[in-house]
Amino acid sequence: MIDIKLLRANPDLVKENIKKKFQFEKLPLVDEVIQLDQEYRNAKSKADTLRSRRNSISKEIGMMMAKGQKEQAEQAKKQVEEMNVELEHLQELEDKLSKRINEIMLVIPNIIDESVPIGKDDYENVEIERIGEPFVPDFEIPYHVDIMERLKGIDIDSARKTSGNGFYYLRGDIARLHSAILTYARDFMIDKGFTYYIPPFMIRGNIVNGVMSFAEMQNMMYKIEGEDLYLIGTSEHSMIGKFVDTIVPEDELPYKLTSYSPCFRKEVGAHGIEERGVYRIHQFEKQEMVIICKPEESMRWFNEMYHITVDFFRSLDIPVRVIECCSGDLADLKVKSVDVEAWSPRQKKYFEVGSCSNLGEAQARRLGIRVKGKEGNYYPHTLNNTVVAPPRMLIAFLENNLNADGSVRIPKPLRVYMGGKEIIEAKG
RNA sequence: GGAGAGAUACCCAAGUGGUUAAGGGGCUCCCCUGCUAAGGGAGUAGAUCGAGAAAUCGGUGCGAGGGUUCGAAUCCCUCUCUCUCCGCCA
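Counting from 1, position 36 in the first sequence corresponds to residue 220 in the numbering used here; the numbering is continuous, with no gaps.
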């Protein structure tokens, strides 16, 4: 959501940005909203003048009554009554216009950063960095579920009975490894100076509406029956929601937050839960990072944030690459976004394990998050990034640390969380 | 789940239809003193939208949304949330 004042002052910039995103169908909206905005402001000026007069006449009526000038008061009442008829029409017009203006402003995309590569869709995303040597061992890497099953670490059949497709039981060392990764991620982030949070795992409808679009909500969120509560799809929902309609003191910025939560997703949509395994599932856990900062600092934080994820994966010997979303693939709210992808020696390609986004002031504007600055209030920039999301991350972990005999090497940083174990032994 | 109380500014809190939403704390500035503390004075309804080159002017705003009225923090309706007690409970 961009500032309508920016659009008013610089419509060509907004149009150019829409073209960069290949959303040509939205181009006419710019002129339409400028027109509507002018009409709206005219109506508002007129109505405000009327309201002002009504207020002062009403006050006079009060004084007349006090003095006992009953007849004059009656006359004034009539006058206001007539004004109210006109005012009602203007009010309706104002409401209608502002509603339509808001609808349009919600679909006009955020101004993307100059550095974003131009492209139509995800095929034109750009690899910007590759860290670690992608390695393919001379033995075959099995499908991740098979690796886990061989280690007696997963039970999907039981989960189907209790919960259906898209759920899983993790067991034994694999379950422990899952927790170890999250605990390690938590400490990793605390060491980077982030404040650790465990947020609410359910949030109210008004918060949901603040943090995502209606379409996203339909495709992602589970609603609790009979309550105004939804299961969160990511802790970002709780962590950003925490600041809805607040004004934060400037000297407290930046907020560097890292949060743990389970994440629940319906995954209704293009892919759904189509594949056996733990790649796309209804429930997973995630360590997330969120930053709220001054606008001029957001690009610096953006770069720092995705490098933290890269460092995290590298500390577990997993090769990664960073893919930047091109203009056409970038969600409308985002200024810039990259995906961190991990190497899969089985598929011999990289796959997505995390996503880092700079939302600029769009999210703050939408949610009413402001900063009390010395020269008045302003909108901060908000950013979010995945630290790690097992069990998806376990896929990359197991494939990259698997030995020929079926055992799994445990990288040094995790051993302390695995009771000192250096290896998960292959079973029977 | 049951019962009760409440929602007004950064905090506490007064305000039961009418001119400018009391008061206190805190905060900011000034004076006195000056190491601090105490004292005296002034300011402090945020936020947001509109008009204007600006000074400034105006609208909205007392949990939310409706209604009554010339006029609503105040009266009526609906809803939400918070707190206290009881019950249940990891």
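Positions of the beta carbon are idealized from the N, C-alpha and C atoms, including for glycine.
Distance, residue j Cα to residue i Cα
| i | j | result |
| --- | --- | --- |
| Ile476 | Glu244 | 50 Å |
| Leu543 | Leu415 | 23 Å |
| Gly590 | Phe448 | 31 Å |
| Leu517 | Ser342 | 40 Å |
| Gln531 | Glu525 | 13 Å |
| Gln259 | Asn194 | 49 Å |
| Ile374 | Leu598 | 16 Å |
| Ile338 | Ile408 | 28 Å |
| Asp316 | Val494 | With the sequence shown as reference, residue 316 is identified as Gly, and Asp is not the correct amino acid for it. If I take the Cα positions, the gap works out to 10 Å. |
| Lys254 | Met248 | 7 Å |
| Leu197 | Asp297 | 12 Å |
| Tyr601 | Ala364 | 5 Å |
| Lys478 | Glu545 | 10 Å |
| Leu211 | Ile292 | 9 Å |
| Asn239 | Glu488 | 55 Å |
| Gly252 | His273 | 33 Å |
| Thr442 | Asn390 | 23 Å |
| Gly538 | Val571 | 7 Å |
| Ser419 | Ser242 | 51 Å |
| Arg327 | Phe378 | The amino acid occupying residue 327 in the given sequence is Tyr; Arg does not appear at that position. Answer to the nearest angstrom: the Cα atoms are 35 Å apart. |
| Met396 | Gly410 | 22 Å |
| Gly612 | Tyr381 | Its pLDDT being 47, under 50, Gly612 is placed unreliably in this model, and the value from its coordinates should be taken loosely. The straight-line gap from Cα to Cα measures roughly 41 Å. |
| Lys520 | Val474 | 15 Å |
| Glu276 | Ile188 | 21 Å |
| Glu287 | Ser445 | 32 Å |
| Leu413 | Lys450 | 15 Å |
| Asn569 | Ala588 | 34 Å |
| Gln547 | Leu567 | 9 Å |
| Tyr352 | Lys345 | 10 Å |
| Lys199 | Asp322 | 53 Å |
| Leu551 | Gly417 | 18 Å |
| Ser482 | Val300 | 15 Å |
Own chain, CB closer than 7 Å to residue i, minus 5 neighbours either side, in chain order
| i | result |
| --- | --- |
| Glu278 | Tyr224, Ala227, Lys228, Ala231 |
| Ile331 | Leu582, Leu586 |
| Lys261 | Ile245 |
| Asp305 | Gly512, Asp513 |
| Lys376 | Ile492 |
Residues near residue i in its chain [Cβ-Cβ closer than 6 Å; skip 5 each side]
| i | result |
| --- | --- |
| Val555 | Val432, Glu434, Tyr562, Pro564 |
| Val522 | Tyr490, Val506, Glu508, Cys540 |
| Gln207 | none |
| Lys204 | Ile302, Ser511 |
| Arg549 | Met185, Tyr563 |
| Val264 | Arg238, Ile241 |
| Ser499 | Pro597 |
| Leu234 | Met267, Leu271 |
Where residue i falls: helix, strand or coil (DSSP)
| i | result |
| --- | --- |
| Met396 | coil |
| Glu255 | helix |
| Gln467 | strand |
| Gly612 | Any reading at Gly612 needs caution, since the residue's pLDDT is 47, under 50, leaving its predicted position unreliable; the model's value is listed next. Of the three classes helix, strand and coil, the one that applies to Gly612 here is coil, per DSSP. |
| Val462 | coil |
| Arg593 | strand |
| Ile475 | strand |
| Ile292 | coil |
| Ile607 | strand |
| Lys189 | helix |
| Ser445 | strand |
| Lys407 | strand |
| Val198 | helix |
Residues of its chain near residue i, where Cβ-Cβ distance is below 8 Å and the 5 sequence neighbours each way are ignored
| i | result |
| --- | --- |
| Phe319 | Pro503, Trp527, Pro529, Asn584 |
| Lys605 | Asp357, Ile594, Arg599 |
| Ile312 | Val506, Ile507, Glu508, Val522 |
| Lys256 | Residue 256 is actually Gln in this sequence, not Lys. For Gln256, where only same-chain residues beyond five positions count, the Cβ hits under 8 Å are Met248. |
| Arg355 | Lys336, Gly337, Ile338, Asp339 |
| Thr367 | Tyr601 |
In chain order, each beta strand (DSSP E) run of at least 3 residues that lies wholly inside the region 409-443: 430-433
So within the region 505-589, which uninterrupted beta strand (DSSP E) runs reach at least 3 residues, ignoring any that extend past its ends? 520-528, 533-542, 553-557, 560-562, 565-572
Entirely enclosed alpha helix (DSSP H) segments - the region 309-344, minimum 4 residues: 328-334
Counting pairs of Cβ atoms below 8 Å between the region 461-471 and the region 393-403, do you hit three or more? no
What ranges does the alpha helix (DSSP H) occupy inside the region 335-390, keeping only unbroken runs of at least 4 residues that lie completely in it? Residue ranges of uninterrupted alpha helix (DSSP H) with 4 or more members, entirely inside the region 335-390 and ordered along the chain, are 340-346, 356-375.
Note down, one range per segment and in chain order, each alpha helix (DSSP H) of at least 4 residues found wholly within the region 203-276. 211-251
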